[in-house]
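**Q** Encoded as structure tokens, here's the structure I'll be asking about.
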Amino acid sequence: MARIRLDHIRHAYSRALGDAGIYALREVDHAFEDGGAYALLGPSGCGKTTLLNIISGLLTPSEGHVHFDDRDVTELTPEARNIAQVFQFPVIYDTMTVRQNLAFPLKNRKVPAAEIKTRVEDMIRRIGLEAKADRKARGLTADEKQKISLGRGLVRSDVNAILFDEPLTVIDPHMKWQLRSELKQLHREFQMTMVYVTHDQTEALTFADKVVVMYDGEVVQIGTPEELFERPKHTFVGYFIGSPGMNVLPCRMEGGEAVVSDTRIALPGSPIGFHAGQTTELGIRPEFVEIVRGGDGIPVKIEKVEDVGSERIVRATLSGTRLSAIVAEGADIPADAAVRFAPDALNLYADSWLVERA
Ligand SMILES: Nc1ncnc2c1ncn2[C@@H]1O[C@H](COP(=O)(O)OP(=O)(O)OP(=O)(O)O)[C@@H](O)[C@H]1O
Numbered sequence: 001m002a003r004i005r006l007d008h009i010r011h012a013y014s015r016a017l018g019d020a021g022i023y024a025l026r027e028v029d030h031a032f033e034d035g036g037a038y039a040l041l042g043p044s045g046c047g048k049t050t051l052l053n054i055i056s057g058l059l060t061p062s063e064g065h066v067h068f069d070d071r072d073v074t075e076l077t078p079e080a081r082n083i084a085q086v087f088q089f090p091v092i093y094d095t096m097t098v099r100q101n102l103a104f105p106l107k108n109r110k111v112p113a114a115e116i117k118t119r120v121e122d123m124i125r126r127i128g129l130e131a132k133a134d135r136k137a138r139g140l141t142a143d144e145k146q147k148i149s150l151g152r153g154l155v156r157s158d159v160n161a162i163l164f165d166e167p168l169t170v171i172d173p174h175m176k177w178q179l180r181s182e183l184k185q186l187h188r189e190f191q192m193t194m195v196y197v198t199h200d201q202t203e204a205l206t207f208a209d210k211v212v213v214m215y216d217g218e219v220v221q222i223g224t225p226e227e228l229f230e231r232p233k234h235t236f237v238g239y240f241i242g243s244p245g246m247n248v249l250p251c252r253m254e255g256g257e258a259v260v261s262d263t264r265i266a267l268p269g270s271p272i273g274f275h276a277g278q279t280t281e282l283g284i285r286p287e288f289v290e291i292v293r294g295g296d297g298i299p300v301k302i303e304k305v306e307d308v309g310s311e312r313i314v315r316a317t318l319s320g321t322r323l324s325a326i327v328a329e330g331a332d333i334p335a336d337a338a339v340r341f342a343p344d345a346l347n348l349y350a351d352s353w354l355v356e357r358a
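Okay, structure coming up:
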């Protein structure tokens, strides 16, 4: 396994696009530590696949360098980089059996026969295909074929990293959870460097120790699921992670306090590093918005209340800005409602970036 360092990577898909300033990756400067489980998370088109293909060697970046440990691999082919890759759709040999498919990458690398047998049998069990081990892949379902693909990626122990590009898209929803747990287990046992691309936050947050959130060709935050939830570095992260996402309320700053709709809100600590002229916003997660009687907080207009199991989501507007609150089932929602915010859960943003506090 290896530490993967992306050194000032930029990528445009053609010279003309680059000349026009259209970059699929605008600037990525980041390291994936050896043995880490990372998810690359972001909306469609933000550059996740581009970044993954630059790591694997399917693409050469327009600018910057890729290092595996101390070695510059920017110009090396995927084979020479010794990477295992699992794509969205199965990449397997249809005429081989499940067992042969799994053994193939090991035979290719001249692994001793006894070791191949042990590894292949272990992998067959992990992907739950014991009953079909001697069946040709051709007759299997899309779901089962993708499990073989996953198995082929995971069966080798000598790879520098394993890269997954939305690998569970074709998997039946009830199997997704099981396979994700299996991946996590394998990571715990063998500490492989894994990079997992997804646009699904549940998938990212349950798989990864560190989530790399991408937006518009850039990495906007790298953090643990808790860090992304509690201190989103960019309003996009707050909005994208969580359900519903973080509320973002326009505010103006006066004497160190935020003013939202004529109500002054004291912020914990003193904001540092922002200056007058920047657009300021307050971020607050719906979990930390309390619904109170009018007069006890900032007045809001309740638009809708949704029941979601043991809690309710209150959709409201505050001076025209949409705001959500999560309240307990059976909690009082007065007609003349107002909101209060948990002070420690407030984050201030300037031009969409988190303002640190002293
Ligand atoms: N071969 C290509 N030629 C030109 N532009 C491309 C090419 N492949 C991707 N792009 C563009 O590069 C940007 C990033 O695409 P990329 O596929 O990396 O995003 P993504 O985050 O993986 O999206 P998705 O989740 O939809 O796969 C997009 O604007 C896309 O249209």
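Going by full-length UniProt numbering, the sequence shown opens with residue 1, and the numbers climb by one from there.
Glycine included, every Cβ here is placed at the ideal spot set by N, Cα and C.
Where does Arg-231 sit, in a helix, a strand or coil, going by DSSP?
**A** coil
**Q** If you draw a straight line from the alpha carbon of His-199 to that of Pro-167, how long is it in whole angstroms?
**A** 11 Å
**Q** Just reading off the beta strand (DSSP E) that Asp-19 is part of, what are its end residues?
**A** From DSSP, Asp-19 is part of no beta strand (DSSP E) but of the alpha helix (DSSP H) over 15-19.
**Q** Rounded to the nearest angstrom, what separates residue 439 and Val-259 at their Cα positions?
**A** Residue 439 lies beyond the stretch modelled for the chain, which goes from 1 to 358, so this question has no answer here.
**Q** Mind listing which residues have their beta carbon within less than 6 Å of any non-hydrogen atom of ligand 1? Chain order is fine.
**A** In chain order, the hits are Tyr-13, Ala-24, Gly-42, Ser-44, Gly-45, Cys-46, Gly-47, Lys-48, Thr-49, Thr-50, His-199.
**Q** Residues in its own chain within less than 6 Å of Ala-208 by CB, not counting five upstream and five downstream?
**A** Same-chain partners within the cutoff: Ala-37, Tyr-38, Ala-39.
**Q** Can you tell me which residues form a DSSP beta bridge with Asn-347?
**A** Gly-283
**Q** Taking buried to mean at least 16 other C-beta atoms within 10 Å of its own C-beta, is Pro-268 buried or exposed?
**A** exposed
**Q** Apart from the five residues just before and just after Lys-233, which ones in its own chain have a Cβ nearer than 6 Å to its Cβ?
**A** Here the set comprises Gln-221, Leu-354.
**Q** Determine the DSSP secondary structure at Asn-108, reduced to helix, strand or coil.
**A** The answer is helix: DSSP assigns Asn-108 an H, G or I state.
**Q** From the DSSP secondary-structure annotation, give me the bridge partner or partners of Glu-254.
**A** Glu-257
**Q** Anyone know if the C-beta pair for Ala-325 and Pro-286 falls short of 8 Å?
**A** yes
**Q** Just verifying my parser: in three-state terms, what is the DSSP assignment at Asp-165?
**A** strand
**Q** I need the straight-line Cα distance from Pro-299 to Asp-143, nearest angstrom please.
**A** 51 Å
**Q** Bridge partners for Ala-325 per DSSP, in chain order?
**A** Val-314
**Q** Which residue comes first and which comes last in the beta strand (DSSP E) that contains Ala-266?
**A** 263-266
**Q** Using DSSP with H/G/I as helix, E/B as strand and the rest coil, what is Asp-158?
**A** coil
**Q** From Thr-95, Asp-165, Gln-178, Ala-131, pick the residue whose C-alpha is nearest to that of Gly-139; which is it?
**A** Thr-95
**Q** Once the 5 residues before and after Pro-225 are set aside, which same chain residues still bring their CB inside 6 Å of it?
**A** Leu-205
**Q** Using DSSP's beta-bridge definition, name the partner residues of Gly-223.
**A** Val-211
**Q** Closest to Asp-29 by C-alpha separation, out of Ala-16, Gly-35, Leu-41, Leu-51, would be which residue?
**A** Leu-51
**Q** Quick one: which unbroken alpha helix (DSSP H) runs of 4-plus residues sit fully inside the region 24-81? Chain order, please.
**A** 48-56, 78-81
**Q** For Gly-309 and Gly-295, what's the separation of their Cα atoms in angstroms?
**A** 30 Å
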